[in-house]
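Each protein sequence line maps, in turn, to chains G and H. All residue numbers for the first sequence refer to numbering that gives the first Met the number 0, where the first residue is 0 and numbers rise by one. All residue numbers for the second sequence refer to numbering that gives the first Met the number 0, where the first residue is 0 and numbers rise by one. Written out below as structure tokens is the structure these notes cover.
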Amino acid sequence: MPSNRYSLFSLLRETLRGHTGWQPAWRDATPQAAYDVVIVGGGGHGLATAYYLARRYGIKRVAVVEKGWIGNGNIGRNTTIIRSNYLLPGNVPFYECAMKLWEGLEQDINYNAMVSQRGVLNLFHNDAQRNAYIRRGNAMRLNGVDAELLDAQAVRRKLPFLNFDNARFPIQGGLLQRRGGTVRHDAVAWGYARAADRLGVDIIQNCEVTGIRTQNGRAVGVETTRGYIGAGRVALACAGNSSRVAAMAGLRLPIESHVLQAFVSEGLKPFIDCVATFGAGHFYISQSDKGGLVFGGDIDGYNSYAQRGNMPVIEDVCEGGMALMPRIGRVRLLRHWGGLMDMTMDGSPIIDRTPVDSLYLNAGWCYGGFKATPASGLCFAHLIARDEPHPTATAYRLDRFARGAVIDEKGMGAQPNLH
Amino acid sequence: MRLNCPCCGPRGLEEFTYRGDATVRRPESPTAPAQDWVDYVYLRDNPAGPHRELWYHGAGCRSWLVVTRDTRTHAISDVVRAVDVARADKEGAGS
């Protein structure tokens, strides 16, 4: 009976016997009649929620119900960036909680997620932007998050090939979070799935939820393409499909689904050793371990469930890239793709109870859900297990729009109206 | 994706600005219940399928358009001027 634990010894053992003893990383579970908690959505957030429910809150009869396969959605469609360089009180502790979990993730789940704290550098191009970044950096440091302001010379030493003397957008410096970086996104899904599975969580793939059954205002189970599954509590972590699934329980959300595109170039020798963002447009770039440049920009800006976008945004992203680093002009694009963003109206997420008893909602991650994955899972698990918000996620309430307590970190959201 | 503007003909997406769901209605009275304003400002049906939405042809004729588009495929089934929709609504409400 081989041990399921990955280690140097397991690697050596399998090397010696021709890699014939590896087991599937998780069981292909068939749905049981009922669970204590049914999580709808087997993306990063759903899988992390299941893991923390079983690991930290002792709830083991948990199912994750996924309409496709694990890693098919946004967890495999992002630009792999992690950071906690936030400004507002409701956000900083939460994203720092996520960053601390990233730092211990691989040991915790016994899976190599290639967490690489290579630094996230946000460039600024004028005095007002420098002042805004000084303020942001100070807010981060007040909350115990690392932040470092670099002047133009320090940026030049780090990334000498940037277009510092761009006539419209000269680079004056940048705000650096050294603990930020990248994580292998698919490995996050696989690692959480494997770790949750080992704790007894059922991961049920190719099982689409078609209805939420309620009795006397209380969610009691989900109808699926593989039959009815009873549930003590139902937890929604459906990202771009949140509005559709919540509508099954009669809810209308402050969310629009939009498409966000991302891009990978052909493989190049290493030349960008951090994550860099252009401050005068929307462009962010890093280099994967295979050498491909991974970059992205804005959402396309119209409602979409199509998981693909259009040319104007591709041009806009590439123009941002050319303004920042003209040397990538002759690099060929290898592939690009789109994901569905659950854009809330203030640009911040929702982790909360709903008006339906026993129905919990985790949604509205806009285009920043990946970096939040571990904290989102932990806080959602806390909410489901204890029926009260986790201390670091008290601001992400569903009713904050009605109360006027919106969290407008960057004035983003579905319709930022910044132009 | 190209929009067939009633005034200008088929034009590229970069000439237009998207302004969201065309079915939400501003409450008639400023003293309407707060929940009506919350519905209008924040809550959306966000359908996967046909969606009636506003586009502004800023780099063309500057018309406001009501476009019916399938959000699953981006296929556009109808483009009309918003002013015509508003007139029809008004006549419908008056009759």
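Note that beta-carbon positions come from the ideal geometry of N, C-alpha and C, so glycine has one too.
> Taking the C-alpha atoms as reference points, what is the distance between G:N162 and G:I170?
Replying inline: Roughly 7 Å between the two C-alpha positions.
> Considering only residues of the same chain and omitting the five flanking positions on each side of G:G216, which have a CB-CB separation below 7 Å?
Replying inline: Excluding residues within five positions, the ones whose Cβ falls inside 7 Å are V355, D356.
> Can you name, in chain order, every residue of its own chain whose Cβ lies under 6 Å from the Cβ of G:E65, other than the five neighbours on each side?
Replying inline: In its chain, beyond the 5 residues on either side, G41, Q204 have a beta carbon closer than 6 Å to the beta carbon of G:E65.
> Thinking C-alpha only, which one of G:D398, G:T391, G:I350 is nearest G:G45?
Replying inline: When each option's Cα is compared against that of G:G45, the closest is G:I350.
> Measuring CA to CA, which of G:G266, G:I69, G:M324 is closest to G:D164?
Replying inline: Shortest Cα-Cα distance from G:D164 to any of G:G266, G:I69, G:M324 involves G:M324.
>> Quick check on G:H124: buried or exposed, where buried means 16 or more other Cβ atoms within 10 Å of its Cβ?
In response: By the 10 Å Cβ count, G:H124 comes out buried.
> Start and end of the beta strand (DSSP E) containing G:Q260?
Replying inline: 254 to 266 is the extent of the beta strand (DSSP E) around G:Q260.
>> With a threshold of 8 Å between beta-carbons, can G:I254 be considered close to chain H, or not?
In response: So, interface residue.
> Interface residues of chain H around G:A138 at Cβ under 9 Å?
Replying inline: Chain H residues near G:A138: none, gap ~26 Å exceeds 9 Å.
>> Which same chain residues end up closer than 8 Å to G:D185 when comparing Cβ atoms and leaving out the 5 residues on each side of it in sequence?
In response: Within the same chain, G:D185 has close Cβ partners G70, I74, G75.
> Do you know offhand how far H:V79's Cα is from H:C60's?
Replying inline: Looking at the two C-alpha atoms, the distance is approximately 13 Å.
> By DSSP, does G:G435 sit in helix, in strand, or in coil?
Replying inline: Nothing about residue 435 of chain G can be reported from this structure: the residues present for chain G run from 0 to 418 only.
>> Judging by CA-CA distance, which residue of G:T223, G:G57, G:N109, G:A230 is the nearest neighbour of G:A192?
In response: Across the set G:T223, G:G57, G:N109, G:A230, the C-alpha of G:N109 shows the shortest separation from the C-alpha of G:A192.
>> I need the straight-line Cα distance from G:V274 to G:G180, nearest angstrom please.
In response: Between G:V274 and G:G180, the C-alpha separation is close to 6 Å.
> What are the partner residues of G:L339, as DSSP defines its beta bridges?
Replying inline: Per DSSP, G:V258.
>> Here's a check: name, in chain order, each residue in its chain whose Cβ is nearer than 8 Å to the Cβ of H:Y39, leaving out the five neighbours to either side.
In response: Excluding positions up to five away in sequence, the list reads V23, R24, R25, P26.
>> Let's see if you can read the secondary structure: which residues bound the alpha helix (DSSP H) around G:A380?
In response: Unbroken alpha helix (DSSP H) run through G:A380: 368 to 385.
> Since H:E13 meets chain G, which of its residues come closer than 7 Å, beta carbon to beta carbon?
Replying inline: H:E13 reaches chain G at P311, counting residues in chain order whose Cβ is nearer than 7 Å.
> Taking buried to mean at least 16 other C-beta atoms within 10 Å of its own C-beta, is G:D345 buried or exposed?
Replying inline: Buried, since its Cβ has 16 or more Cβ neighbours within 10 Å.
> Just curious, the beta strand (DSSP E) that G:Q214 is in, first and last residue?
Replying inline: DSSP places G:Q214 in the uninterrupted beta strand (DSSP E) bounded by 208 to 214.
> What residue does the alpha helix (DSSP H) around H:N95 start on, and which one ends it?
Replying inline: In the structure displayed, chain H extends from 0 to 94; residue 95 of chain H sits before or after that span and is not available.
> DSSP on G:P92, reduced to helix/strand/coil?
Replying inline: G:P92: helix per DSSP, three-state reduction.
>> Please classify H:R1 as buried or exposed, where buried requires at least 16 neighbouring CB atoms within 10 angstroms.
In response: Flag for H:R1 reads exposed.
> If we count the other Cβ atoms within 10 Å of its Cβ and call it buried at 16 or more, is G:Q420 buried or exposed?
Replying inline: No answer is possible for residue 420 of chain G: the residues shown for chain G start at 0 and end at 418.
> Are there 16 or more other CB atoms within 10 angstroms of the CB of G:W101, so buried, or fewer, so exposed?
Replying inline: With 16 or more other Cβ atoms within 10 Å, it is buried.
> In terms of residues, what are the limits of the beta strand (DSSP E) holding H:W54?
Replying inline: Its beta strand (DSSP E) spans residues 49 to 55.
> What does G:A362 reach in chain H if we use C-beta pairs closer than 7 Å?
Replying inline: Taking a Cβ-Cβ cut-off of 7 Å, G:A362 has no neighbours in chain H, whose nearest Cβ is about 11 Å from it.
> Does H:G19 have its Cβ less than 8 Å from a Cβ in chain G?
Replying inline: Taking Cβ atoms only, chain G reaches closer than 8 Å to H:G19, which makes this a yes.
>> Can you check whether the C-beta of G:F282 is within less than 8 Å of a C-beta belonging to chain H?
In response: Not closer than 8 Å to any Cβ of chain H, the Cβ of G:F282 fails to qualify, so no.
> DSSP on G:P311, reduced to helix/strand/coil?
Replying inline: Here G:P311 sits in helix by DSSP.
> From G:R331, G:F262, G:A97, G:R329, pick the residue whose C-alpha is nearest to that of G:N309; which is it?
Replying inline: It is G:F262.
>> Less than 8 Å between the beta carbons of G:Y94 and G:A394, yes or no?
In response: Judged by beta-carbon spacing, G:A394 lies beyond the 8 Å limit of G:Y94, meaning their Cβ atoms are not closer than that value.
>> Short of 9 Å Cβ to Cβ, which residues in the region 274 to 306 of chain G face chain H?
In response: Along the region 274 to 306 of chain G, going in chain order, the ones with a CB nearer than 9 Å to a CB of chain H are D299, G300, Y301, N302, S303, Y304, A305.
>> Quick check on G:A166: does DSSP put it in helix, strand or coil?
In response: In the structure shown, the three-state DSSP call for G:A166 is coil.
>> Taking the alpha-carbon of G:R225 as reference, which of G:P30, G:N3, G:A24 has the nearest alpha-carbon?
In response: With respect to the C-alpha of G:R225, the residue from G:P30, G:N3, G:A24 having the closest C-alpha is G:P30.
> Whose C-beta lies closer than 6 Å to the C-beta of G:Q116 among residues of the same chain, with five residues either side of it excluded?
Replying inline: Cβ within range, chain order: R178, G180.
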